[in-house]
Structure formats: structure tokens, C-alpha cells
Amino acid sequence: MKITRLGHAMYVLTSKNGKRYLVDPFFEMNPGCPDEYQTEAFMKSIDAVFLTHGHFDHTSGLGKLLEHNPECLVVAQYELAMILMQDNVKNAFPLNFGGTFELEDMAATMVQAKHTSSYKETEGTPIYAGESAGYVFNFSDDHTLYHSGDTALMMDMKLIQEVYQPSIAILSSSGQFTMGPKEAAYAVKNLLNVETVIPSHTFPTKETAPQPETFDGLVEAFPVVQNMMDKDEELANELAGTNTKVIVMGYGEEVEL
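Quick note on the working numbering: the sequence shown kicks off at 182 and runs consecutively.
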């Protein structure tokens, strides 16, 4: 499988068959998403979207994607899926914790996360959007990947490991709104048994951002994002000397595992 990081918590997971699954679309305000991944051609290449929760930095790009790819499958937690259906999203599919959606070459199971969730909170009064979630992506004849979504440290990770046995984990580790590097490292050392970890939910600096002009606008609107910069290396340092490989992905970088 291939994993492409498109900034913050947005990733594309590409199967051996070439199917492309996008987690948490966040385009316009995302300084980590390069131009080549904001094109009509890219939007049309996505086979399914998976939403972990409703916050703007995980869903605000959904409209742009559906503008070019209106038939795209959108999997979301029950309450959020109901909201999307009322917003005329054609192929919104609801899941809840423990539920699995079977695709051609991958089975996606929704698992627990410990985090809040609202929708359109930057456009007016926040809309309650259920609870946040993570996903376990079980690829046919390939790796099983755990995407934690936004979460605090929780003992449920031990159950997720024992039941689904992922070998790769994409873990939120930015602090402030999710667990930080220290807590993510504890999860890897004590609750998970994965071979590879990819830090998530962090932001680039202006110097490393593919979209520096977007960076300026985001920092002006949400100065707190400055507290979530350069946290990837902190997790790598926390796990130095362990048997777990930490892959610090650049923005727009693709790795094959």
C-alpha cells in the first residue's frame, strides 16, 4: 500500500489495486496541501472518503471534492452522516463504533476515539456531530492500518491492537487538541504493537509549508496552530531506541509500505 500525506491529518491510502481512499479532506485552509492535490483530476481520482469527525480541519474540503466528484462515497459517524444527507451529499454512508464497511479491496472498521465533534463551527453556531472516531483499514493481502483520528490517550487502543492487529498506525500527536508526543509514545510502547508509526495532526512552519500564503491566513485566523508545529520530530525522539519505526512524512510525500 501507499500512504500520501496531504497536510495536518489528511492522508490518501492507495491499495495494491490502485484504489484511493482519502481520510479527512481539508484543502483551502491547509498550508500543508500542495497545489497538485487540489486539482479536479485529483478530486476525481478518489474512490471513497472517510471522515473521523466534523471539525473544519477534517471536513471543510469535502464540498470542493464533491463538486468535482459528486458520486464519491463518504463514510462518516452516524450523526455526521445524517447531517451530510440533509445537505444533499449523495453517497453518505453512516457507521458507528464497531461497524465495518466492506469495499473491493479493503474493509474499514470504525473504532473509538476520545475527542469532541461539531460541524460548521467556523460558519456559525456549531452543529452537534456525534462522537469522534478512528478507523482500522484492513487491506486485502496487505497491511492493516490504524488511523487514530483526533484522540486523547485511551486504553481502548489496547483492545484495537488485540482485535484488529494493525501493523501501521497514523497517530495524532500534536498536543492541545489531541494527545501530544509523550502520550502518543506511551500508546506505542504500552498499548499498541505496530511496526510503523506516522505522526499526524501537526502543522508545518511557514518555511516548510507548500502553501506559505495559506499559512499566513490560517495563523491569523487561528493563532493556536502555532502550538502544533514541528511535533513530528518530538514523537520520533520519544520513540528513539524502540523497535517501532517512526516515519516523519513531508507534506505531499508518498511512502510505500
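Quick reminder that beta carbons are idealized off the backbone N, C-alpha and C, glycines included.
Values in this document were obtained by computation on a predicted structure and should not be read as measured data.
Query raised in the report: Looking at C-alpha atoms only, which residue of 416, 437, 408, 433 is the closest neighbour of residue 427?
Result: Scanning 416, 437, 408, 433 for the CA closest to the CA of residue 427 turns up 416.
Query raised in the report: Does the Cβ-Cβ distance between residue 377 and residue 353 come in under 7 Å?
Result: The answer is no: Cβ separation not under 7 Å.
Report task. Would you mind working out which of 273, 269, 249 sits nearest residue 255, comparing C-alpha positions? Result -> If you compare the alpha carbons of 273, 269, 249 with that of residue 255, the shortest gap goes to 273.
Query raised in the report: Among 241, 357, 245, 250, which residue has its Cα nearest to the Cα of residue 226?
Result: Taking only the C-alpha atoms, the option nearest residue 226 is 250.
Query raised in the report: Which whole-angstrom value describes the C-beta separation of residue 412 and residue 329, a residue pair presumed to lie in contact below a C-beta threshold of 8 Å?
Result: Not really, about 14 Å apart at Cβ, beyond 8 Å.
Report task. Can you tell me the Cβ-Cβ gap for residue 391 and residue 213, rounded? I've got them flagged as a contact below 8 Å. Result -> Their Cβ separation, rounded to whole angstroms, is 6 Å, which keeps residue 391 and residue 213 in contact under 8 Å.
Query raised in the report: Between which two residues does the alpha helix (DSSP H) harbouring residue 412 extend?
Result: According to the DSSP assignment, residue 412 belongs to no alpha helix (DSSP H), since it is labelled neither H nor E.
Report task. Would you grab the beta carbon distance between residue 321 and residue 308 for me? Rounded to a whole angstrom, and I think it's under 8 Å. Result -> Taking C-beta atoms under 8 Å as the contact rule, residue 321 and residue 308 fail to qualify, at a distance of about 36 Å.
Query raised in the report: Within 10 angstroms of its Cβ, does residue 361 collect 16 or more other Cβ (buried), or is it exposed?
Result: Classification for residue 361: buried.
**Report entry** Sequence-distant residues of its chain with Cβ nearer than 6 Å to residue 246 (five each side left out)
**Finding:** Close CB contacts of residue 246 within its chain, under the 6 Å cut and outside five residues either way in sequence, are with 206, 224 (chain order).
**Report entry** 7 Å Cβ cutoff met for residue 235 and residue 261
**Finding:** The answer is yes: Cβ separation under 7 Å.
Report task. Starting from residue 354, follow its DSSP beta bridges and name the residues at the other end. Result -> Answer by DSSP bridge pairing: none, since residue 354 is not bridged.
Query raised in the report: Which residues in the same chain have their Cβ closer than 7 Å to the Cβ of residue 208, if we skip the five residues on either side of it in sequence?
Result: 214, 219, 242, 245, listed in sequence order.
Requested in this report: Check the C-beta distance from residue 410 over to residue 386 and give it rounded, since I have them as a contact under 8 Å.
Outcome: At roughly 5 Å, the Cβ-Cβ gap stays under 8 Å, so residue 410 and residue 386 are in contact.
Requested in this report: Report the option in 240, 431, 388, 310 whose CA atom is closest to the CA atom of residue 258.
Outcome: Ranking the options by Cα distance to residue 258, first place goes to 310.
**Report entry** Option nearest residue 182 by Cα separation, candidates 217, 314, 348
**Finding:** Nearest of 217, 314, 348 to residue 182, Cα basis: 348.
Query - Cβ neighbours of residue 520 in the same chain (closer than 6 Å, five flanking residues each side left out) - result: Absent from the structure is residue 520, since the part of the chain shown begins at 182 and ends at 438.
**Report entry** Nearest-angstrom Cα separation, counted from residue 400 out to residue 406
**Finding:** Counting only the Cα atoms, residue 400 lies some 6 Å from residue 406.
Query raised in the report: What residues in its chain sit with their C-beta under 6 Å from that of residue 380, if we drop five residues either side in the sequence?
Result: Once the five neighbours on either side are set aside, the close Cβ partners of residue 380 are 354, 413, 416.
Query raised in the report: To which residues does DSSP link residue 326 through a beta bridge?
Result: Answer is 318, 349, bridged to residue 326.
Report task. Please look up how many angstroms separate the CB atoms of residue 237 and residue 303, rounded, as I've assumed it's under 8 Å. Result -> Rounded, the Cβ-Cβ distance is 5 Å, consistent with contact.
**Report entry** Rounded straight-line distance, which links the Cα of residue 216 to that of residue 284
**Finding:** Straight through space, the alpha carbons of residue 216 and residue 284 are spaced by roughly 29 Å.
Query raised in the report: Within 10 angstroms of its Cβ, does residue 340 collect 16 or more other Cβ (buried), or is it exposed?
Result: Under this definition residue 340 is an exposed residue.
Requested in this report: Check each candidate in 286, 314, 319 and name the one with the smallest Cα separation from residue 297.
Outcome: The shortest C-alpha separation from residue 297 is found at 314.
Query raised in the report: Cβ of residue 312 within 7 Å of Cβ of residue 334?
Result: Using a Cβ distance threshold of 7 Å, residue 312 and residue 334 do not count as a contacting pair.
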